[in-house]
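Just so we're aligned, residue 12 is where the sequence shown starts under the working numbering, counting upward by one.
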Amino acid sequence: MNTPYKLIAIYIAGVNPENGEVYILNKNQDLKKINILFKDTKKDTFTFICRESLKDLGHGTRHKVFHEENTCYIQMHNLYKLGAYAFCEGNYPSNRVIYEALSKSLEAFTQEVKKEWQIKKEDQDYKVIGCQKIFKDYQDVKNVSKVHEAQDEADKLGLILHDNIKKLLERQGDLDQLIEKSRDLNAASRQFLKDTNKLDRSCCCTIF
């Protein structure tokens, strides 16, 4: 039996080539079933992960990050310092399919926005119809492709796996310090992330 999963969000973020800062450029998310007390924390956390990790990820690389019962998938653009992030509750049933979604999202974004994003020096909210459709379609893997386990196993060879968010961000510094310095987190989100970072994997609390 497949493990239950839910594709919560796909974010696209990019590094401004002039000042080297990371900006959120496009967001598609479905938080309807998320407890209202945690919605802002989840959104803050998604932004934090994108902002703090993107600079250190190589062109064209794929990453898969585990935390508790959640998974973050990252696909980097081949040419630009531009990344697409998928945030899931559970494990998306096909690596091949979720990275297909992220690659298509990057393609749709660059076709619509061109290079305009490279001159922006603050977070943007580009409305890209193609990205919206991709997010909706790929929320159910059955809508886009049959799952072929053999192909998924082969796809794993190209993945860079991270045991948790701390491992993903370790080259950026201590996670608690990154949380404390982040301008993306309010006080409640900051404390929640710090507390969660101290918990064992067996705990029911999750970062995203």
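Virtual Cβ for every residue (Gly too), placed ideally from N, Cα, C. As the structure is a prediction and not an experimental result, all values here were calculated from the model.
Best match in the options for proximity to residue i [C-alpha to C-alpha]
| i | options | result |
| --- | --- | --- |
| Gly-101 | Leu-36, Asn-81 and Ile-35 | Asn-81 |
| Phe-77 | Glu-32, Phe-98, Glu-133 and Lys-53 | Phe-98 |
| Lys-138 | Pro-15, Ile-23 and Tyr-16 | Ile-23 |
| Lys-38 | Thr-52, Asp-134 and Leu-68 | Asp-134 |
| Leu-113 | Phe-49, Ile-85 and Leu-42 | Ile-85 |
| Leu-68 | Lys-54, Lys-92 and Thr-56 | Lys-92 |
| Gly-25 | Ser-200, Arg-107, Ala-199 and Lys-126 | Lys-126 |
| Ile-35 | Lys-144, Trp-128, Cys-142 and Ile-140 | Trp-128 |
| Cys-83 | Tyr-103, Glu-111 and Leu-48 | Tyr-103 |
| Lys-132 | Gly-31, Ile-19 and Thr-52 | Gly-31 |
Neighbourhood of residue i by C-beta, 7 Å cutoff - its chain only, sequence neighbours within 5 removed
| i | result |
| --- | --- |
| Phe-59 | Ser-193, Asp-195 and Leu-196 |
| Lys-17 | Cys-99, Glu-100 and Gly-101 |
Under the three-state DSSP convention, the category residue i falls into
| i | result |
| --- | --- |
| Tyr-149 | helix |
| Ile-85 | strand |
| Arg-194 | coil |
| Leu-65 | helix |
| Gln-202 | helix |
| Lys-131 | coil |
| Lys-138 | coil |
| Lys-144 | helix |
| Ile-23 | strand |
| Glu-29 | coil |
| Glu-160 | Low confidence applies here, because Glu-160 scores a pLDDT of 47, under 50, leaving its location unreliable; read the following figure in that light. The answer is helix: DSSP assigns Glu-160 an H, G or I state. |
| Asn-224 | Nothing about residue 224 can be read from this structure; the chain reaches only from 12 to 219. |
| Ile-60 | helix |
| Lys-43 | coil |
| Lys-17 | strand |
| Ala-165 | Unreliable placement is indicated for Ala-165, whose pLDDT of 47 sits below 50; no coordinate value is reported for it. |
Limits of the unbroken alpha helix (DSSP H) element including residue i
| i | result |
| --- | --- |
| Tyr-110 | 106-124 |
Cβ neighbours of residue i in the same chain (closer than 6 Å, five flanking residues each side left out)
| i | result |
| --- | --- |
| Leu-117 | His-88 and Ala-95 |
| Leu-42 | Lys-50 |
| Ala-161 | Because Ala-161 sits at a pLDDT of 43, beneath the cut-off of 50, its placement in the model cannot be relied upon, and the following sentence gives the value as read from the coordinates. Excluding sequence neighbours, Ala-161 sits near nothing in its chain. |
| Val-152 | Pro-104, Ser-105 and Val-108 |
First and last residue of the uninterrupted beta strand (DSSP E) at residue i
| i | result |
| --- | --- |
| Phe-77 | 73-78 |
| Gly-94 | 93-100 |
Residues near residue i by beta carbon distance below 8 Å, same chain, minus five either side
| i | result |
| --- | --- |
| Cys-61 | Tyr-22, Ala-24, Val-33, Ile-35, Gly-94 and Tyr-96 |
| Asn-154 | Asp-148 |
| Asp-65 | For the sequence presented, residue 65 should be read as Leu rather than Asp. The residues are Ala-24, Gly-25, Val-26, Val-33, Lys-92 and Gly-94. |
| Gln-122 | Gly-141 |
| Ile-45 | Ile-19 and Lys-53 |
Any non-hydrogen atom of the ligand PLP within 7 Å of residue i CB
| i | result |
| --- | --- |
| Val-124 | Looking for the ligand PLP in the displayed structure turns up nothing, as the structure carries no ligands at all. |
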